[in-house]
Amino acid sequence: MDLNNYNQIVSRANDVQKMWQKVPAPKRGEVIRSFGNKLREHKSELATLITKDARKIISEAEGEVQEAIDMCDFATGLSRQLYGLTMPSERPNHRLQELWHPLGTVGCITAFNFPMAVFAWNFCLAAVCGNSTIWKPSPHANSCAHAMKKIWDEISGDFNDLCIILEGGKDEAVALCQDRKIHLISATGSCQMGKELAPIVGARMGKTLFELGGNNAGIVCPSADIDLAIKAITFSAAGTSGQRCTSMRRLFVHEDIFETCIEKLKDSFDNLVIGDPNNPSTQLGPLISENSFKEMQLSLSNAKDDGALVIGGERLDIESPSDFYVKPAICIVDQIIEEMREETFAPILYIKKYKTLDEAINYQNDVNQGLSSAIFTNDVRESEFFLSAEGSDCGIANVNIGTSGAEIGGAFGGEKDTGGGRESGSDAWKAYMRRVTATVNFGSDLPLAQGVEFNDE
Ligand code: NAD
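Basically this note's numbering = 1-based index in the sequence shown + 865.
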């Protein structure tokens, strides 16, 4: 790593933030509005780059750019809503109020599979909250990052350096984590990456926002609309070639409908159109790399050794020989097997039968990750139980929708090894600000809280 370059980047990001925080928040929102408008103009070329870097199909790539645009709109509105509460003071002639201030510079480490949207989740909120961002993109997606930065540069005037790209891999990510001049580390990627970075930031008591791996499950109940469920499961499990953090990896199906669901899912997987992601009729593009393919094959071979019935999963001989296209795999298991406990970033769906909803929810929750979950049911008691504190332990819980494809309006993120962070909508902005509790005495006496007397006469 070029340390000189690194230090210059951090110092520029710190300096520009000091000017930016003086700009009133609604004016910062105006700049983010212009950014969103420029993204709208360039939507199609940006989507093409996502397809090139992340190998997503064009419709999903366009959806990802749209997500970045939606974040700009959301953040623009938010720039007038960074509300602090005013609480009643127990003391006469006192005002008790929360103030929210920017943190400073955000180090934003992103994964390959959402090369623009995750940046937008972070940058748009960080910017309206008054922060600068140093963005370390995935080495797979540097061209996506530079395209976003170019658009930012076109509209940002004196504030170009509010977003600076730091290309690189592990060394650069570690440098940001060690650096006290980086006031929030927002890192998206595998649980392993999070586990390596958390202690580094923790050692300096730094703030973190982790968006890590998932191991998402669906439950299909006897009352479910099975055709709707099959469609949703196919998109969640096979769509994006299983390369979403929210991809469905495990499925628990009630014993009464198990055989029917398996047959319908096999048909649905057989009918998927797999091929060049640039072709509008394609539903699944290739895996990101040969390494991903190898990891997928290793998982399937381990699953077979543990007694799973594996259907699909083989490499398909289409398009360029350097691309790794695969048939999504279904693995039917009688018991929970080790492979079901970890996230393999590829289209593998483990399916197991269940008898009672309690049993299915226990299976679902009994993994270290806690990102997304889904239940398919037309029984309100089942869906409400699933959403209750005794139900899904994930950050995202869906009813009659698959595990993937969240909207920006909600807070996005998960529990346990998924990292606990929340990004995007709702009040996720609070992670990018520091809270000051301010008490003002506008009287001439000095009453103490809790009735404490300190009589110095
Ligand atoms: P990855 O962990 O390999 O890389 C993510 C980022 O971290 C990259 O910028 C990479 O350079 C860096 N990195 C990787 N290992 C590192 C290490 N040991 N130390 C420091 N930095 C490191 O992940 P990926 O393959 O790019 O993306 C797939 C993973 O990301 C999956 O696990 C997926 O679930 C997760 N993901 C999570 C979310 C979420 O919001 N929860 C969103 C997208 C992806």
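We put the beta carbon where it would ideally sit given N, CA and C, even for glycine.
Closest option to LYS1295, judged by alpha-carbon separation, among GLN886, ALA1276, LEU1137: ALA1276.
In terms of side-chain proximity, the C-beta atom of PRO1151 is found no nearer than 7 Å to any non-hydrogen atom of the ligand NAD. It is roughly 7 Å from the alpha-carbon of THR1099 to the alpha-carbon of LEU1130. Taking the Cα of SER1055 as reference, the smallest distance to any Cα among ALA926, ASN996, ASN978, CYS994 is reached at ASN978. When the beta-carbon positions are compared, GLY995 and CYS937 stay at least 8 Å from each other.
Three or more Cβ pairs closer than 8 Å define a contact, and the segment 925 to 933 falls short of that threshold against the segment 1159 to 1175. In this structure, the beta-carbon distance from ALA1082 to PHE1241 does not fall below 8 Å. Going by DSSP, LEU990 is part of the alpha helix (DSSP H) stretching over 982 to 993.
Distances from the alpha-carbon of ALA1254 to those of ASP1223, ASN1265, ILE1095, GLU1272 put ASP1223 closest. Relative to the ligand NAD, GLY1078 has its C-beta within less than 7 Å of a heavy atom. Around the Cβ of ALA926, a 10 Å sphere holds 16 or more other Cβ atoms; the residue is buried. When rounded, the separation of the alpha-carbon atoms in GLY949 and THR941 is 18 Å.
GLU1076 is not a Cβ neighbour of THR1105, given a cutoff of 8 Å. For LEU1149 against LEU1214, the beta-carbon gap comes to about 13 Å, at or over 8 Å, which does not count as contact.
At least one heavy atom of the ligand NAD is found less than 7 Å from the C-beta of SER1055.
Here VAL1191 is bridged, per DSSP, to ARG1180. DSSP links THR998 through a beta bridge to VAL971, CYS1028. Counting only residues of its own chain and dropping the five nearest sequence neighbours on each side, PHE1158 has a CB closer than 6 Å to the CB of LEU1152, PHE1189. Between the alpha carbons of LEU1313 and ARG1299 lies a distance of about 26 Å. About 25 Å separates the beta carbon of LYS1192 from that of GLN1234, a gap too long to meet the 8 Å contact definition.
Within the same chain, and ignoring the five residues on either side of GLU955 in sequence, no residue has its Cβ closer than 6 Å to its Cβ.
Under a 10 Å Cβ-count criterion, PRO1002 is classified as buried, with 16 or more other Cβ atoms of the shown protein chains found around its own Cβ. In this chain, GLU1076 is not harboured by any alpha helix (DSSP H); it is covered by the beta strand (DSSP E) spanning 1072 to 1076. The alpha carbon of CYS1259 has as its nearest neighbour, out of GLY1274, ARG1287, GLU1272, the alpha carbon of ARG1287. ILE1197 sits in a strand when the DSSP states are folded into three classes. A heavy atom of the ligand NAD is found nearer than 7 Å to the CB of PHE977.
Here LEU1174 carries a strand assignment [DSSP, helix/strand/coil]. Shortest gap from the CB of THR998 to any heavy atom of the ligand NAD: 7 Å or more. With a contact defined as Cβ atoms closer than 8 Å, THR970 and SER997 qualify at about 5 Å. Excluding residues up to 5 positions away in sequence, LYS1218, TYR1219, LYS1220 lie with their Cβ nearer than 8 Å to the Cβ of GLU1120 in the same chain.
If you check the C-beta of LYS921 against the ligand NAD, you find no heavy atom less than 7 Å away.
Nearest neighbour of GLN1108 by Cα position, chosen from LEU911, ARG945, LEU868, GLY1270, turns out to be GLY1270. A heavy atom of the ligand NAD is found nearer than 7 Å to the CB of VAL983. Short note on GLY1290: C-beta not closer than 7 Å to any heavy atom of the ligand NAD.
In the three-state DSSP reduction, ILE1216 falls in the strand class (E or B).
In the three-state scheme derived from DSSP, where H, G and I count as helix and E and B as strand, SER1237 is classed as strand.
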